[in-house]
Amino acid sequence: MAAFTKQNVQPTFSPGPSTDLREGSGCCSCREKWIGYQCSCYFISSESKTWKDSRNFCVSHNSSLLQIQNRNELYFMNSISYYYWTGLSYSEEHHAWLWEDNSTLSQDLFLSLHPVNPKNCIIHGPSGSVMDADCGNKYRYVCKQQLI
1 MAAFTKQNVQ
11 PTFSPGPSTD
21 LREGSGCCSC
31 REKWIGYQCS
41 CYFISSESKT
51 WKDSRNFCVS
61 HNSSLLQIQN
71 RNELYFMNSI
81 SYYYWTGLSY
91 SEEHHAWLWE
101 DNSTLSQDLF
111 LSLHPVNPKN
121 CIIHGPSGSV
131 MDADCGNKYR
141 YVCKQQLI
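Going by UniProt numbering, the first residue of the sequence shown is number 1, and it counts up by one from there.
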C-alpha cells in the first residue's frame, strides 16, 4: 500500500482509466478497467468481436453481455460513441426478444426496436439507437457484472 501525501489526495484528472475505486458508483467497487454505476460494473471493450466471442469473453470474466434494466442505465450507456453488442437475442422457443438471463425486454426501453431478422443479434449505439446485426459481424461490446 502506497503512502499518501497531500499531493496525491488532491483531485486529479487523467486521460486513462483509473485504478482507484469508483466514486459515485453507490455500493460497488470495480476492478481495474471496469466502470462502476448503480451497483454494477461495466467493461467497455476497445476491440471488436462476434456476438458469441463477446459473450464468451464476458462469461470468462464472471459477467454477461450488457443487459439494460432501466432508463437510467440506458441514459448512462447512451454516452458511448459507437455501436456495441448487447445480451439481447431472439428466442425461437419463446417467440420473443430475451436477455441472456431469459428475462424479457421492457417495452419502454427500446421504442425503435423493430428488427428485420430475428436470427440477428442486437447492437446499441450512440444516442440510444438500437438495431439488429448479423451475429457473426464484429462489433465492440460491453460486459456487465451486477454486484448485488
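Beta carbons: idealized from backbone N, C-alpha and C, even for Gly.
Host beta strand (DSSP E) of residue i (start-end)
i	result
residue 140	140-146
Residue i (DSSP reduced to helix, strand or coil)
i	result
residue 21	Reliability of the predicted coordinates at residue 21 is poor, the pLDDT of 37 falling under 50, and no value is obtained from them.
Alpha-carbon spacing of residue i relative to residue j, whole angstroms
i	j	result
residue 127	residue 83	10 angstroms
residue 105	residue 32	30 angstroms
residue 40	residue 146	4 angstroms
residue 132	residue 98	14 angstroms
residue 86	residue 29	23 angstroms
residue 37	residue 94	31 angstroms
residue 53	residue 74	23 angstroms
Rounded Cβ spacing between residue i and residue j (contact assumed at less than 8 angstroms)
i	j	result
residue 144	residue 64	6 angstroms
residue 142	residue 42	6 angstroms
residue 101	residue 69	10 angstroms between Cβ atoms; not a contact.
residue 89	residue 121	5 angstroms
Cutoff 8 angstroms: residue i Cβ touching any chain B Cβ
i	result
residue 56	Among the chains in the structure shown there is no chain B, since it carries only a single protein chain.
query: For the UniProt domain "C-type lectin" (37-144), which segments carrying the beta strand (DSSP E) assignment without a break, of at least 3 residues, lie completely within its bounds, in sequence order?
result: 40-44, 84-91, 96-98, 121-124 and 130-133
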